[in-house]
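First comes the structure, then the notes that go with it.
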Amino acid sequence: MSTNARVEMFERRRAEDQAARPGIVPRAKKHVLVLTDGFIGDRMSGTGIRYFELARHLSSQFEVSLGHPHAARELRDNMKVIEWCVDEPEQTLSLAREADFVLVHAFVLEKLPRLRDVAKRLIVDLYCPYVFENMEIHRDRGVDLELRQTIHGNDLRVLCEQLIHGDYFLCCTERQRDWIVGMLTALGRLHPASCRQIASPMDLVGLVPFGLPTEIPTPSGDNVMKGVWPGVERDDLVVLWGGGLWSWLDPLTIVRAMALVSAVRSDVKLVFLSSKTAETVIDMPMAGKVLELAEALGLRGKSVIFNDRSYIEYDRRTDYFLEADIGVCAHQETMETYYAYRTRLLDYLNAATPILTSQGDYFGDYVARNGLGKALPIGNPEAWANAILELAASPDARAECRRRIMEKRDDFTWSRAVAPLVEFCLKPPTANDAGECWRHLRRLSEVKRTRHNGKEEADSETRMAFVEALSRIKALRSQYDLLSDAHSQLLVQHAYLTDGVEHLQAKVNLVKRIPFAETLWRILGKRFRKR
């Protein structure tokens, strides 16, 4: 069932329900259901932070429910936090039926596929280029090429499902939007009929980046690193790595740079705020590589300090960025880099921390263009060491970076970031595919029939026959054009559904490679046969 057919079906059902219960009082606010598989709580990674903040800012104008797989039911910041479960989806699906909009990301639609049929308006967030991220993760893990091809095929299928069924899409940068528009065109979502309703890519793909609080942060009290963490003295200069150690990043270059820095200054310390992830995801070999390199160079616990615990509490993390003297983030030269939006660099912007980052991605260009720090060559320890020593030696240079960051800070607040999403929810545009064209055609036909039965009744039978025949010819021609467009889309979707069977079998084969998977498979088979 197409997206617009689903919209029409639910509009009709709602109208019939209201007609049957004339005393019903409509909701004062539209309802937005936000579903994430990220953790929402005291310790959150970038995914959890994004959907907590999106839901919190939407709740000022809409009735909002925020669902994630680990939640206790509660009311927080004017929004209801709920738990959703793959094994028991009915409650979530029931809530989705009542909602005006459902916002999902990554593999949520894969885990709850019936959302495609029950959501009135499905908003898909594509801020995270997981197709490219997973390439780097499994390469870093040493997975053989054949298996990586299978995993990538599954990731691509999931992405295409999102693009086929979504009504509106979110991303962070113009690069991401161009990629998404290209994919939509290849999948048949953009065609002559649909483009009549789309004035620009913004009507279909909204730029909703990561955001910052509107309030400028201030330290909450005592130091949190200097003079507190082992190896970090009160007068040391802290170079902070504020995010996780993911496979597509390059902390190894910065550790090698610190070997050069420590030979000149012993009071400069590189601090990794976390060597673990806040969520249950696949282990990252990069974390082990960084620890081994720091140990081999004799820097661990001296010039390179690791926080071996989980992520810092969400409500306290700003204190660490305010205390840092320099913020760093380095990455490798990959496709992930080109399309990425480094969310944790926003913590540096929030705290006005001078930034050293790699060239080649969105923030590398932004930092260099606006003088917020420096964008450095990828994989060049000498360039990184020189940049760290230069900023460490010049309080004036760091102060100038902070001043320029404060000038740009308001461009990244959450209130600005969510504006395109709020606008879409307040005034959703008319659906722009063949389904809406069909509805417009039917309305037009009804008007013509009424006109023929009324005003044209006094005309001669000959003229009536001529007008009716002409009307039918025009309608049939329009219907033929629309059917051709719809047929093209169905062919594309059929091809992907056919491929989906092969991908599903590949996933089964992939699972069976995992130790004990055969035993688990037999247990699950017995369980379902009993039902």
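Under our numbering, think of the first position of the sequence shown as 1415, with each following residue one higher. Here a beta-carbon is modelled for each residue, glycine too, at the ideal position from N, C-alpha and C.
Which of the three DSSP states is assigned to residue i in this structure?
i	result
Ser1829	helix
Ser1676	helix
Met1493	strand
Cys1585	strand
His1605	coil
Gly1620	strand
Gly1460	helix
Leu1447	strand
Leu1508	A small fix is needed here, since residue 1508 is Ser in this sequence, not Leu. Helix at Ser1508.
Glu1796	helix
Cys1815	helix
His1566	helix
Leu1654	strand
Lys1683	strand
Val1518	strand
Val1638	coil
Lys1525	helix
Ala1789	strand
Asp1649	coil
Glu1547	helix
Asp1558	coil
His1484	coil
Glu1964	No answer is possible for residue 1964: it lies beyond the span of the chain, which begins at 1415 and ends at 1945.
Val1742	strand
Glu1502	coil
Asp1810	helix
Using the Cα positions of residue i and residue j, report the straight-line distance between them to the nearest angstrom.
i	j	result
Met1458	Gly1656	13 Å
Ala1807	Val1781	20 Å
Met1986	Gly1556	Absent from the structure is residue 1986, since the part of the chain shown begins at 1415 and ends at 1945.
Asp1531	Asp1451	20 Å
His1482	Phe1453	7 Å
Glu1504	Tyr1541	28 Å
Leu1905	Ile1740	54 Å
Phe1521	His1579	14 Å
Asp1681	Ser1661	29 Å
Leu1559	Glu1916	18 Å
Asn1637	Leu1684	17 Å
His1544	Gly1778	Here residue 1544 turns out to be Tyr, not His, going by the sequence shown. Each residue's alpha carbon lies about 20 Å from the other.
Leu1663	Leu1598	29 Å
Ala1813	Ile1769	12 Å
Ser1614	Tyr1776	22 Å
Ile1463	Ser1829	15 Å
Glu1502	His1908	29 Å
Tyr1728	Asn1764	14 Å
Arg1470	Leu1517	13 Å
Ala1677	Ser1717	10 Å
Can you tell which of the options has the C-alpha that lies nearest to the C-alpha of residue i?
i	options	result
Leu1835	Arg1464, Gly1460, Leu1472, Gly1462	Leu1472
Met1700	Arg1783, Val1669, Ser1676	Val1669
Met1549	Arg1535, Asp1539, Ile1537, Thr1564	Thr1564
Ala1513	Lys1444, Lys1703, Arg1470, Tyr1734	Lys1444
Arg1535	Val1595, Arg1511, Arg1679	Arg1511
Leu1509	Leu1526, Phe1521, His1519	Leu1526
Leu1651	Leu1674, Ile1802, Asp1825, Pro1791	Ile1802
Glu1467	Pro1627, Gln1576, Phe1777, Glu1547	Pro1627
Arg1823	Tyr1762, Ala1811, Phe1838	Tyr1762
Leu1713	Arg1679, Cys1743, Met1698	Arg1679
Asn1721	Leu1705, Glu1647, Tyr1728	Leu1705
Asp1733	Val1478, Phe1838, Ser1634	Ser1634
Asp1554	Glu1709, Asp1810, Leu1659	Leu1659
Leu1618	Phe1838, Ala1533, Cys1815, Glu1524	Phe1838
Glu1821	Asn1784, His1519, Arg1603	Asn1784
Phe1686	Ile1726, Val1595, Leu1711, Asp1501	Ile1726
Using 8 Å as the threshold, is the C-beta distance between residue i and residue j below it?
i	j	result
Glu1737	Lys1640	yes
Ala1831	Val1622	yes
Ala1789	Thr1771	yes
Trp1498	Leu1449	yes
Thr1767	Phe1735	yes
Ala1754	Pro1665	no
Ile1537	Asp1581	yes
Thr1751	Gly1787	no
Arg1620	Phe1826	Checking the sequence shown, residue 1620 turns out to be Gly, not Arg. Contact flag unset, no.
Asn1794	Thr1632	no
Asp1539	Leu1604	no
Gly1567	Ala1920	yes
Val1446	Phe1515	yes
Leu1577	Leu1601	yes
Val1572	Glu1524	yes
Val1646	Ile1719	yes
Could you give the uninterrupted runs of the beta strand (DSSP E) lying entirely in the segment 1756–1781, keeping only those of 3 residues or more? Within the segment 1756–1781, complete beta strand (DSSP E) segments of at least 3 residues are found at 1769–1772, given in chain order.
Tell me the start and end of each unbroken beta strand (DSSP E) in the segment 1696–1732 that is at least 3 residues and wholly inside, in chain order. If we require 3 residues or more, the beta strand (DSSP E) runs fully inside the segment 1696–1732 come out as 1718–1720.
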